[in-house]
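Sequential numbering of the sequence shown, starting at 698, is according to this note's numbering. Here a beta-carbon is modelled for each residue, glycine too, at the ideal position from N, C-alpha and C. All values derive from a computational prediction rather than experimental measurement. Let me begin by presenting the structure, written as structure tokens, before commenting on it.
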Amino acid sequence: MRTPLVLIVRDGWGIRDEIEGNAVRLARTPVVDRLLATYPASRLKAAGTAVGTREGIPGSSEVGHLNMGAGRVVEQEILRVDKLIASPGFYANPKLCAALDHCAAHGSRLHLMGLVQDQGVHATLDHCEALLGFCAHHGFRRVFVHVFADGRDSPPQSALGYLDRLERKFVELGLGRVASVMGRFYAMDRDRRWERTTRAWDALVHGVGLRAPSAREAIEAAYRRRLSESLPVAADSTVKDVETDEFIQPTLVTADGGAPLALIQAGDAVLHFNYRQDRAIQLTRAFVEERLEADGFARGPRLPVFYLGLTRYYDEFAGYIIPPMTMIQLLGEVLAQAGRWQLRLAESTKYRHVTSFFNGKRLAPFPREDRVQVRSLAVREDEAPEMRADAVTAVAEAAITEGIQATRALAGRTADVAVELDPGAPAAGARYDVIVMNYANPDMVGHTGSLPAAIRAVEVVDACVGRVVAAAHRAGGCALVTSDHGNVEQMLDPVTGAPQTAHTANDVEIILACPDLGGRALRPAGVLADVAPTMLDLLGLPIPPEMTAASLLRR
């Protein structure tokens, strides 16, 4: 086939037959309707063991892009941590033992911090409980937990249930207390909004924040507060103007005298039990980097603590327990070896997914890989469900129609487009062979719980997909239209009818919008890992043996 081959990922767009609460079915989608009626299509499993995580756990953007780019089912960190905990050597793990040895030597405390829920996207309460069990096994009882409440991948007001479970574990083991509670909005920012990280840091280290006599009262007080009092513009709640779990302001649990129960102090040990990397980076950098230059974050000298993370959150971070996996012969690498030019394109909120995660968590681009990031808007997604879809589409159209040099010229044309370019000089008039792009709208708007906004997001993305497919066809190329996981197709809890903000375990569709297939069809079902070998098959490139998934094209 002729290039370009464009992979269009409609983030969070799943398949579900029921209409109620289904933004995909309720929206007007003439483009996808026409594509499904015209071109071969298939269903891909995007959750559970099909993407390398626990059975029944929904997929995510990270997991989805990782599998698509790898061309194999990638064992996720949740399973790797599970295996560590189940192994005979868990209680002798040298890094965990070193943390307790440090506390014993300094007469200090161990602080566990992370997302407390059981959805398995960034963390799971199982792992926190296992770490508490590790402490009990070694007779160490000076343990405090800093709860990051979810409300995004879990129901908006579910923190009390998870707290009850955690406190039952405290009683069972005879150790542990919650020292602080805060929403992930503050503790897990990934978009360099350092003013949010500052709020988390100031609470954990300096005791600056709200106070409550217990973790339960901290959460209950948040539910009584108006969200608009603290975040009038910067965030949204699915229960309008109520401070739901995601947005709980940093709150210190107090001791009997009213002082914070346990701040993180010099000489203490800190263990971050999130395993997913992207939303653990900023807070981790605040603890470990000797010099930290970040807009809006004035930390001063590094706090001398013993710091561990479950996984390697970024390349320079050394204090991890589970080492990163090394994968070779990923799609981007195979394209580079074949001398093909490729473009990765998304707005900020999904930029790491089409770059690092699609490349097996490698940060550096492969040779002949250009990257374009359209800066996301600093507004609530339900207030602007269009997000930056139009701008992303305009870049894609330029890349397809005008070629590499025209796309590179975008760097100096507008401040809201950032580029990372291969140092090589493409031939005059050269065009990208492969474009991997992402529309963030369905997932990001789906997380707000606003069904009307989600419907609008779906309609916007549908129209934009039509523009990109048309441009690819005019250039003699082909488009693969798919998704990484479900979300927007189930906006209401099927039991309670309340807004649902979490990902789903539903399948996603893949449409092979190629005019010159010569009658070739797709297998009726597959997994996300099949995307990479399918793309290589379309390009006429050999599929390396490391890619254990299979092309969806029928022979």
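Within 8 Å, strictly: CB atoms of residue i and residue j
| i | j | result |
| --- | --- | --- |
| alanine 966 | phenylalanine 1014 | no |
| alanine 744 | glycine 756 | yes |
| valine 950 | alanine 876 | yes |
| threonine 948 | alanine 897 | no |
| arginine 1251 | alanine 1218 | yes |
| valine 844 | alanine 956 | no |
| leucine 807 | phenylalanine 970 | no |
| threonine 726 | glutamate 1156 | yes |
| glycine 761 | leucine 1225 | yes |
| phenylalanine 841 | arginine 862 | no |
| alanine 1160 | aspartate 1079 | no |
| aspartate 1012 | leucine 1060 | yes |
| glutamate 1331 | phenylalanine 994 | Since the first and last residues shown for the chain are 698 and 1252, residue 1331 lies out of range. |
| proline 1196 | proline 853 | yes |
Buried versus exposed call for residue i [16 or more other C-beta atoms within 10 Å across all chains shown]
| i | result |
| --- | --- |
| valine 930 | Any reading at valine 930 needs caution, since the residue's pLDDT is 43, under 50, leaving its predicted position unreliable; the model's value is listed next. Counting Cβ neighbours within 10 Å, valine 930 comes out exposed, since fewer than 16 surround it. |
| glutamate 715 | exposed |
| cysteine 1211 | buried |
| arginine 973 | buried |
| glycine 836 | exposed |
| aspartate 933 | In this prediction, aspartate 933 scores a pLDDT of 46, lower than 50, which makes its location untrustworthy; the coordinate-derived value is nonetheless stated afterwards. Label assigned to aspartate 933: buried. |
| threonine 750 | buried |
| alanine 1043 | buried |
| alanine 1154 | buried |
| tyrosine 1017 | buried |
| proline 785 | exposed |
| leucine 704 | buried |
| tyrosine 788 | exposed |
| alanine 1181 | In the sequence as presented, alanine is not what sits at residue 1181; that position holds aspartate. Burial call: buried. |
| glutamate 943 | buried |
| alanine 1125 | exposed |
| aspartate 938 | exposed |
| glutamate 987 | exposed |
| glutamate 774 | buried |
| glycine 1173 | exposed |
Coil, strand or helix - residue i by DSSP
| i | result |
| --- | --- |
| leucine 1107 | helix |
| asparagine 684 | This structure does not reach residue 684, given that the chain is present from 698 up to 1252, and the question cannot be answered. |
| leucine 968 | strand |
| threonine 1179 | strand |
| alanine 1043 | strand |
| alanine 1202 | coil |
| alanine 931 | Low local confidence applies: a pLDDT of 42 at alanine 931 is under 50, so the model's placement there is unreliable, with the coordinate-based value given in what follows. Coil, per DSSP. |
| lysine 1058 | coil |
| arginine 890 | coil |
| threonine 726 | coil |
| isoleucine 945 | coil |
| isoleucine 1208 | strand |
| methionine 879 | strand |
| arginine 896 | helix |
| isoleucine 1019 | strand |
| aspartate 1067 | strand |
| glycine 1327 | Within the shown structure, residues of the chain are numbered from 698 to 1252, placing residue 1327 beyond reach of any answer. |
| arginine 921 | helix |
| alanine 738 | strand |
| glycine 863 | The identity of residue 863 in the sequence shown is leucine, whereas the question assumes glycine. In this structure, leucine 863 counts as helix in the three-state DSSP scheme. |
| valine 1051 | helix |
| methionine 1084 | coil |
| threonine 951 | strand |
| isoleucine 754 | coil |
Inter-residue CB distance, residue i and residue j (contact presumed, cutoff 8 Å)
| i | j | result |
| --- | --- | --- |
| aspartate 708 | tyrosine 1136 | 6 Å |
| threonine 1179 | leucine 741 | 7 Å |
| tyrosine 736 | isoleucine 1208 | 6 Å |
| alanine 1095 | alanine 1103 | 5 Å |
| arginine 1009 | proline 1021 | 5 Å |
| phenylalanine 882 | arginine 889 | Not a contact, Cβ separation roughly 14 Å. |
| tryptophan 710 | valine 1205 | 7 Å |
| glycine 811 | leucine 870 | With a Cβ gap of about 18 Å, glycine 811 and leucine 870 do not count as contacting. |
| alanine 720 | leucine 1148 | 6 Å |
| alanine 963 | proline 1001 | 5 Å |
| leucine 1107 | valine 1069 | 7 Å |
| leucine 860 | isoleucine 916 | 7 Å |
| proline 1230 | alanine 1247 | 6 Å |
Does the segment 1024-1038 come close enough to the segment 761-775 that 3 or more CB-CB pairs lie under 8 Å?
-> The segment 761-775 is in contact with the segment 1024-1038.
Is the number of C-beta pairs between the segment 1108-1117 and the segment 1185-1193 that are closer than 8 Å three or more?
-> Counting C-beta pairs closer than 8 Å gives fewer than three between the segment 1108-1117 and the segment 1185-1193, which falls short of the contact rule.
Check whether the segment 1076-1092 touches the segment 1122-1142, counting contact only when three or more Cβ pairs, one atom from each stretch, lie closer than 8 Å.
-> Short answer: they touch.
Counting pairs of beta carbons, one from the segment 846-856 and one from the segment 790-809, are three or more of them closer than 8 Å?
-> Taking 8 Å as the limit for Cβ pairs, the verdict is that the segment 790-809 does not touch the segment 846-856.
Could you say if the segment 1121-1133 and the segment 1034-1043 meet the contact criterion of at least three C-beta pairs nearer than 8 Å?
-> Here the segment 1121-1133 lies against the segment 1034-1043, with 3 or more beta-carbon pairs under 8 Å apart.
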